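Student:
2 protein chains.
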Amino acid sequence: MEEQLTFELSKEFAGQLQKAVDDRDDAFIKQTLEGVNPADITETLEEFSSADSRYVLGLLDTETAAEIISNLDEDTLKRFLKVYSPREIATFIDVMDSDDAVDILNELSADIREEIIASLSNKEKIDHILDLLRYDEDVAGGLMAKELIKANVNWTIEQTIEEIRRQGENVTQIYAVYVVDNYNTLLGKVSLRKILLAKDGTLIKDIYDEEVISVQTNVDKEEVVSIMKKYDLDAVPVVNLRGKLMGRITIDDVVDVMTEQAEEERQLMSGISEDVEEDDSIWKLTRARIPWLVIGLIGSFFGAEVIRQFEGQIAVVPILASFIPLITATGGNVAIQSSSMVVQSLATKSVFQDSNFIRLMRVIAVAILNGLLLAVLAFTFSYFLRHDMQVSIVVAVALSCVVLLASLSGTITPIVLDKMGINPAAASGPFITTANDLLGLAVYFMVAYFLL
Amino acid sequence: MEEQLTFELSKEFAGQLQKAVDDRDDAFIKQTLEGVNPADITETLEEFSSADSRYVLGLLDTETAAEIISNLDEDTLKRFLKVYSPREIATFIDVMDSDDAVDILNELSADIREEIIASLSNKEKIDHILDLLRYDEDVAGGLMAKELIKANVNWTIEQTIEEIRRQGENVTQIYAVYVVDNYNTLLGKVSLRKILLAKDGTLIKDIYDEEVISVQTNVDKEEVVSIMKKYDLDAVPVVNLRGKLMGRITIDDVVDVMTEQAEEERQLMSGISEDVEEDDSIWKLTRARIPWLVIGLIGSFFGAEVIRQFEGQIAVVPILASFIPLITATGGNVAIQSSSMVVQSLATKSVFQDSNFIRLMRVIAVAILNGLLLAVLAFTFSYFLRHDMQVSIVVAVALSCVVLLASLSGTITPIVLDKMGINPAAASGPFITTANDLLGLAVYFMVAYFLL
Numbered sequence: 001m002e003e004q005l006t007f008e009l010s011k012e013f014a015g016q017l018q019k020a021v022d023d024r025d026d027a028f029i030k031q032t033l034e035g036v037n038p039a040d041i042t043e044t045l046e047e048f049s050s051a052d053s054r055y056v057l058g059l060l061d062t063e064t065a066a067e068i069i070s071n072l073d074e075d076t077l078k079r080f081l082k083v084y085s086p087r088e089i090a091t092f093i094d095v096m097d098s099d100d101a102v103d104i105l106n107e108l109s110a111d112i113r114e115e116i117i118a119s120l121s122n123k124e125k126i127d128h129i130l131d132l133l134r135y136d137e138d139v140a141g142g143l144m145a146k147e148l149i150k151a152n153v154n155w156t157i158e159q160t161i162e163e164i165r166r167q168g169e170n171v172t173q174i175y176a177v178y179v180v181d182n183y184n185t186l187l188g189k190v191s192l193r194k195i196l197l198a199k200d201g202t203l204i205k206d207i208y209d210e211e212v213i214s215v216q217t218n219v220d221k222e223e224v225v226s227i228m229k230k231y232d233l234d235a236v237p238v239v240n241l242r243g244k245l246m247g248r249i250t251i252d253d254v255v256d257v258m259t260e261q262a263e264e265e266r267q268l269m270s271g272i273s274e275d276v277e278e279d280d281s282i283w284k285l286t287r288a289r290i291p292w293l294v295i296g297l298i299g300s301f302f303g304a305e306v307i308r309q310f311e312g313q314i315a316v317v318p319i320l321a322s323f324i325p326l327i328t329a330t331g332g333n334v335a336i337q338s339s340s341m342v343v344q345s346l347a348t349k350s351v352f353q354d355s356n357f358i359r360l361m362r363v364i365a366v367a368i369l370n371g372l373l374l375a376v377l378a379f380t381f382s383y384f385l386r387h388d389m390q391v392s393i394v395v396a397v398a399l400s401c402v403v404l405l406a407s408l409s410g411t412i413t414p415i416v417l418d419k420m421g422i423n424p425a426a427a428s429g430p431f432i433t434t435a436n437d438l439l440g441l442a443v444y445f446m447v448a449y450f451l452l
Numbered sequence: 001m002e003e004q005l006t007f008e009l010s011k012e013f014a015g016q017l018q019k020a021v022d023d024r025d026d027a028f029i030k031q032t033l034e035g036v037n038p039a040d041i042t043e044t045l046e047e048f049s050s051a052d053s054r055y056v057l058g059l060l061d062t063e064t065a066a067e068i069i070s071n072l073d074e075d076t077l078k079r080f081l082k083v084y085s086p087r088e089i090a091t092f093i094d095v096m097d098s099d100d101a102v103d104i105l106n107e108l109s110a111d112i113r114e115e116i117i118a119s120l121s122n123k124e125k126i127d128h129i130l131d132l133l134r135y136d137e138d139v140a141g142g143l144m145a146k147e148l149i150k151a152n153v154n155w156t157i158e159q160t161i162e163e164i165r166r167q168g169e170n171v172t173q174i175y176a177v178y179v180v181d182n183y184n185t186l187l188g189k190v191s192l193r194k195i196l197l198a199k200d201g202t203l204i205k206d207i208y209d210e211e212v213i214s215v216q217t218n219v220d221k222e223e224v225v226s227i228m229k230k231y232d233l234d235a236v237p238v239v240n241l242r243g244k245l246m247g248r249i250t251i252d253d254v255v256d257v258m259t260e261q262a263e264e265e266r267q268l269m270s271g272i273s274e275d276v277e278e279d280d281s282i283w284k285l286t287r288a289r290i291p292w293l294v295i296g297l298i299g300s301f302f303g304a305e306v307i308r309q310f311e312g313q314i315a316v317v318p319i320l321a322s323f324i325p326l327i328t329a330t331g332g333n334v335a336i337q338s339s340s341m342v343v344q345s346l347a348t349k350s351v352f353q354d355s356n357f358i359r360l361m362r363v364i365a366v367a368i369l370n371g372l373l374l375a376v377l378a379f380t381f382s383y384f385l386r387h388d389m390q391v392s393i394v395v396a397v398a399l400s401c402v403v404l405l406a407s408l409s410g411t412i413t414p415i416v417l418d419k420m421g422i423n424p425a426a427a428s429g430p431f432i433t434t435a436n437d438l439l440g441l442a443v444y445f446m447v448a449y450f451l452l
């Protein structure tokens, strides 16, 4: 059973398929792909050339081909769309869920988009798509699909079941039937289980659940994610400002958003400025990495200028130079820890969050504790290694100042970025380490200047 | 509608509730919490003392109280459990889903756990719990719940509906009915929609879907997440080695695992060594942060010893000291970028991943390109600022070597960690920057030694 069902994707399978495509062995291709999950075919085709993929998709039925296309990653999708005419793309769009259709249309230029929409045969799909295209991709309206099952509050169970039969094919997973009044205002929902167990002739109004959590079309997608997570929802209806039912968002969309968020945060924290994958072109990878490296480089030249001011002192007390990495590394580590703590707590936003003042007080307390511990250690190590009391004192004092300053800057930066609408994870990246290097060097040499 | 349904949690509400608790105003508490979503009550009670929470929960029905308790975050849960006797905890466990019950039991000592299990009144629940306790928390068996609806392949639709009616209360969201043979072997599934639309007298064997994706009890939870994401599943049945249906995992569990993964990665990347929140105690926060800071400190003292070897040179050419931060900062930035790229591609594992050799070749190509660009910039800046040709050449040469070495170490470290079963994100944290500081300093001063 297990073996048969969870198809084991392999390079061997891809190789055989590639060979069959080269030989134009249609019978083999069709037979091999029979019953294979579209998600597995997608993964295989992502390794194929667009022309070969087109050949394979041409041998499958339109529904399966459309599903495969809607699963493709962004880069492959862009590549794919180039080998199809707008009219051909329209045949796939015709059988896709409206949200997937719009994701694809958004990858195309406005004129191709219009050509595709003009070629669509399904009138309802056109309406759905035109409605969805109005929303920004980052709000609930941009995440939702128009496909859902709704029942009028005055209907009987039989009428509702008839509607499920009629609409059923268009809605992949039903989850619940939404209940509306004559003006399409969302009133509540009723689960399939309740419908299944209800006696014939029961009215929807007598069994529906009024407590339905909904989101408005203009709500940020981050908030949609946190609402669906908090209330353990598998689907959430989307309403407009006047409470009319406009669409619904399903949990698989939320899972995708969470994956994107994780990737974005990883990139911000590591100073990669474009959405790149390890197998992108060498030029694209270089371009994604160079901006923050250059910013770091420029920052370091400012750092070099700071040190230059104290070169006389270094020439006299060259030990001072050897503790430069201690100061910059510790400052960077502390700042990144601090900003990550803030990013974490912003991600699990609660109305009960402490005020910024209390937060800062706590940060200062932790910083003083950490700073003192590190200062004692640094003093001990340094004195043990170099037997220079004065320099050891300079290192210990500078280090505890740097820990305090880095804690503050690491805490304040993400809060400020968040207020400005910028992803606060950017504060845990090279920006904070570069800024702290400068701060740390200035503090260190000032302390040395005054104490030596 | 909207206003009524999405309850706006506020500090004001929490304040009113707290006052009512202080006044022992039971009527007000009951009235206020009437119809409020348990998830909102959970969030409010997380701010209350355990004694006050216990008081509030005592006024609610057992089911609601149990749901609130199962939603609590780990820290609050531990605090809560202390104010209840094992017998009282058992009354909550009795009405909880088996997976939530086990999560709570896992927080308790073995003897309290046994006392609770002995106090349970629901025989089936005891069996479920004893079964689930056998699995590690990190595998499918530890994630699954025993509650699910299954139908024998020989049943009629009527028998299946009767089973749904009987089991319905225990299963929060049905998603699909799993189909088994007389020996409980998973054969497939049938959707509620199909059951709803089937004619009376239809046999399950004639309508069920054989293509069901399942996971085995011993599969890692990371793999469960990636399977459910890839195939857009809202629930996945869990089977044992012999294909018997053991339980099922629902998408909300996967969402929780993804949230945990994101938090764990954030902590590893920022060198925080415990699972802490911003509002934890100052001592706990300090303890979570100090280990990596100390490791960084020790690393920096090794760095200081490296520099010490060249102190004579620094005394003669003090400019050299001013470029130390340039070397360490760039090395750190490059290494973190490289390791993040690897972590990203490990997170979206594909069987088509390039071999490690091809990966390294590409990394080297990108590194050479980045290294050359940075070296040219560094030479230009440095010569423009200091007019010292020799030192500028040293900086440029050292920098391009450091970029290459940091790219390699940043790429290899996470691959090695992953092979060792350690979360590769650990390679994007302070470990890699500390190691690269040492490497960078050694390279820089060696280059200076040979070229000056």
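Protein chains in written order, with our numbering: chain A, 1 to 452; chain B, 1 to 452.
Note that the Cβ used here is the ideal one computed from N, Cα and C, for glycine as well.
None of these values were measured; they are calculated from a predicted model.
Between Met446/B and chain A, is the shortest Cβ-Cβ distance under 8 Å, so that the two count as touching?
Tutor: The sequence position of residue 446/B within the second sequence is 446, counting from 1. By this cut-off, Met446/B is not an interface position.
Student: Hey, out of Met341/A, Gln167/A, Leu346/A and Leu192/A, whose CA is closest to Val366/A's CA?
Tutor: Start at 1 with the first residue of the first sequence, and residue 366/A comes out as number 366. For the residues Met341/A, Gln167/A, Leu346/A and Leu192/A, the minimum Cα distance to Val366/A belongs to Met341/A.
Student: For Ala235/A, list the residues DSSP reports as bridge partners.
Tutor: Translated into positions along the first sequence, residue 235/A becomes position 235. Ala235/A pairs with Thr250/A.
Student: Which value, in whole angstroms, describes the spacing of the CA atoms of Phe445/B and Ser428/A?
Tutor: By 1-based counting over the second sequence, the position of residue 445/B is 445. By 1-based counting over the first sequence, the position of residue 428/A is 428. So the two alpha carbons sit approximately 30 Å from each other.
Student: Counting only Cβ-Cβ distances shorter than 9 Å, please list the residues of the region 242-269 of chain B near chain A, keeping chain order.
Tutor: Here the close residues are Gly243, Thr250, Ile251, Asp252, Val254, Val255, Asp256, Met258, Thr259, Gln261, Ala262, Glu263, Glu265, Arg266, Gln267 and Met269.
Student: Taking the straight line between their C-alpha atoms, what separation do you get for Ser338/B and Ile298/A?
Tutor: Position 338 of the second sequence, counting from 1, holds the residue named residue 338/B. Position 298 of the first sequence, counting from 1, holds the residue named residue 298/A. So the two alpha carbons sit approximately 20 Å from each other.
Student: Just how far apart, CA to CA, sit Gly247/B and Lys125/B?
Tutor: Position 247 of the second sequence, counted from the start, is the residue given in the question as residue 247/B. Position 125 of the second sequence, counted from the start, is the residue given in the question as residue 125/B. For Gly247/B and Lys125/B, the distance between alpha carbons rounds to 13 Å.
Student: Pick out whichever of Arg386/B, Arg359/B and Val391/B has its Cα sitting closest to the Cα of Pro414/B.
Tutor: In the second sequence, the residue the question calls residue 414/B occupies position 414. Considering only alpha carbons, the answer is Arg359/B.
Student: With contact counted as at least three CB pairs below 8 Å, one residue from each stretch, are the region 401-418 of chain B and the region 306-314 of chain B in contact?
Tutor: No contact exists between the region 401-418 of chain B and the region 306-314 of chain B.
Student: When you compare the CB of Ala345/A with every CB in chain B, is at least one pair closer than 8 Å?
Tutor: Residue numbering aside, residue 345/A sits at position 345 when the first sequence is read from its first letter. Correcting the residue identity first, residue 345/A is Ser in this sequence and not Ala. Closer than 8 Å: yes.
Student: Assign Leu187/B to one of three DSSP states: helix, strand, or coil.
Tutor: Stepping through the second sequence from its first residue, residue 187/B is reached at position 187. Looking at Leu187/B - three-state DSSP - the assignment turns out to be strand.
Student: Can you name the residues of chain B whose CB is closer than 7 Å to the CB of Gln159/A?
Tutor: Locating residue 159/A in the first sequence gives position 159, where the first residue counts as 1. None at all; the shortest Cβ gap to chain B is about 13 Å.
Student: Who are the near neighbours of Met269/A in its chain, counting only those whose CB is closer than 7 Å to its CB and skipping five residues on each side?
Tutor: In the first sequence, counting from the first residue as 1, residue 269/A sits at position 269. For Met269/A, where only same-chain residues beyond five positions count, the Cβ hits under 7 Å are Ala425, Ser428 and Gly429.
Student: Out of Ile319/A, Gln173/A, Gln31/A and Phe381/A, point me to the one whose CA is closest to Glu147/A's CA.
Tutor: In the first sequence, counting from the first residue as 1, residue 147/A sits at position 147. Here the closest residue by C-alpha is Gln173/A.
Student: Quick one: is Ala378/B buried, meaning 16 or more other Cβ sit within 10 Å of its Cβ, or exposed?
Tutor: The sequence position of residue 378/B within the second sequence is 378, counting from 1. By the neighbour-count rule (16 or more Cβ atoms within 10 Å), Ala378/B is buried.
Student: Nearest chain A C-beta to Asp37/B closer than 8 Å, yes or no?
Tutor: As a first step, residue 37/B is located in the second sequence; it is residue number 37 there, counting from the start. Residue identity differs from the one stated: residue 37/B is Asn in this sequence, not Asp. Yes, contact with chain A.
Student: Considering Ile178/B, what are the terminal residues of the beta strand (DSSP E) in which it resides?
Tutor: The residue you call residue 178/B lines up with position 178 of the second sequence. Checking the sequence shown, residue 178/B turns out to be Tyr, not Ile. Segment Ala176 to Val180, the beta strand (DSSP E) holding Tyr178/B.
Student: Just how far apart, CA to CA, sit Thr328/A and Ala262/A?
Tutor: Reading the first sequence from its first residue, position 328 is the one you call residue 328/A. Reading the first sequence from its first residue, position 262 is the one you call residue 262/A. If you take the alpha carbons of Thr328/A and Ala262/A, they lie about 28 Å apart.
Student: Count the other C-beta atoms from every protein chain shown that fall within 10 angstroms of the C-beta of Gly35/B, then say buried if there are 16 or more, exposed otherwise.
Tutor: Position 35 of the second sequence, counted from the start, is the residue given in the question as residue 35/B. Label assigned to Gly35/B: exposed.
Student: Use the C-beta contact count for Gln4/A: other C-beta atoms within 10 angstroms, 16 or more gives buried, fewer gives exposed.
Tutor: Translated into the one-based positions of the first sequence, residue 4/A becomes position 4. Low confidence applies to Gln4/A: its pLDDT is 38, below 50, so where it sits in the model is not reliable, and the reading given next is rough at best. The residue is exposed, with fewer than 16 neighbouring Cβ atoms inside 10 Å.
Student: Using a C-beta cutoff of 8 Å, does Glu278/B count as contacting chain A?
Tutor: Position 278 of the second sequence holds residue 278/B. Cβ-Cβ to chain A under 8 Å: yes for Glu278/B.
Student: Please compile the residues from chain E whose C-beta is within a distance smaller than 7 Å of the C-beta of Tyr231/A.
Tutor: Here the protein chains are A and B, and chain E is not one of them.
Student: Terminal residues of the continuous alpha helix (DSSP H) containing Lys150/B?
Tutor: In the second sequence, counting from the first residue as 1, residue 150/B sits at position 150. From DSSP, Lys150/B is part of no alpha helix (DSSP H) but of the beta strand (DSSP E) over Lys150 to Asn152.
Student: Please report whether the beta-carbon of Ala435/A lies at a distance below 8 Å from any beta-carbon of chain B.
Tutor: What you label residue 435/A is simply residue 435 of the first sequence in a count that begins at 1. Not closer than 8 Å to any Cβ of chain B, the Cβ of Ala435/A fails to qualify, so no.
Student: Where does Ile422/A land, buried or exposed, given buried means 16+ other C-beta within 10 angstroms?
Tutor: Residue numbering aside, residue 422/A sits at position 422 when the first sequence is read from its first letter. So Ile422/A counts as exposed.
Student: Within a Cβ cutoff of 6 Å, which residues of the same chain sit near Ile368/B, ignoring the five residues on either side of it in sequence?
Tutor: Residue 368/B sits at position 368 when you count from the first residue of the second sequence. Cβ within range, chain order: n/a, list empty.
Student: So, with DSSP's three-state summary, where would you put Asp206/B?
Tutor: Here residue 206/B refers to the residue found at position 206 of the second sequence. In this structure, Asp206/B counts as helix in the three-state DSSP scheme.
Student: Could you tell me the distance, in whole angstroms, from the CA atom of Lys244/A to the CA atom of Gly168/A?
Tutor: Walking along the first sequence from the start, residue 244/A turns up at place 244. Walking along the first sequence from the start, residue 168/A turns up at place 168. Looking at the two C-alpha atoms, the distance is approximately 22 Å.
Student: Inspect the beta-carbon positions of Val363/A and Leu408/A and report whether they are closer than 8 Å.
Tutor: In the first sequence, counting from the first residue as 1, residue 363/A sits at position 363. In the first sequence, counting from the first residue as 1, residue 408/A sits at position 408. It is a contact, given that the beta carbons lie within the stated cut-off.
Student: Between which two residues does the alpha helix (DSSP H) containing Ser409/B stretch?
Tutor: Residue numbering aside, residue 409/B sits at position 409 when the second sequence is read from its first letter. Unbroken alpha helix (DSSP H) run through Ser409/B: Met389 to Lys419.
Student: Would you please verify whether the beta carbon of Ala140/B is less than 8 Å from any beta carbon of chain A?
Tutor: Residue mapping note: residue 140/B aligns to position 140 of the second sequence, counting from 1. Chain A contact via Cβ: absent.
Student: Using a Cβ cut-off of 8 Å (strictly closer), state whether Gln337/A contacts chain B.
Tutor: Within the first sequence, residue 337/A is the residue found at index 337, counting from 1. At least one chain B Cβ lies under 8 Å of Gln337/A.
Student: According to a CB-to-CB cut-off of less than 7 Å, which residues of the region 404-415 of chain A neighbour chain B?
Tutor: The region 404-415 of chain A vs chain B, Cβ under 7 Å: nothing.
Student: So, with DSSP's three-state summary, where would you put Asp220/B?
Tutor: If you number the second sequence from 1, residue 220/B lands on position 220. If DSSP states are grouped into helix, strand and coil, Asp220/B belongs with the strands.
Student: Which term fits Phe80/B, buried or exposed, when burial requires 16 or more other beta carbons within 10 angstroms of its beta carbon?
Tutor: Sequence index remark: in the second sequence, residue 80/B carries index 80 (1-based). Per the 10 Å Cβ criterion, buried.
Student: Name the one or two DSSP bridge partners that Leu245/B has.
Tutor: Taking the second sequence and counting its residues from 1, one reaches residue 245/B at position 245. DSSP, once it has assigned bridges, lists Val239/B as partnering Leu245/B.
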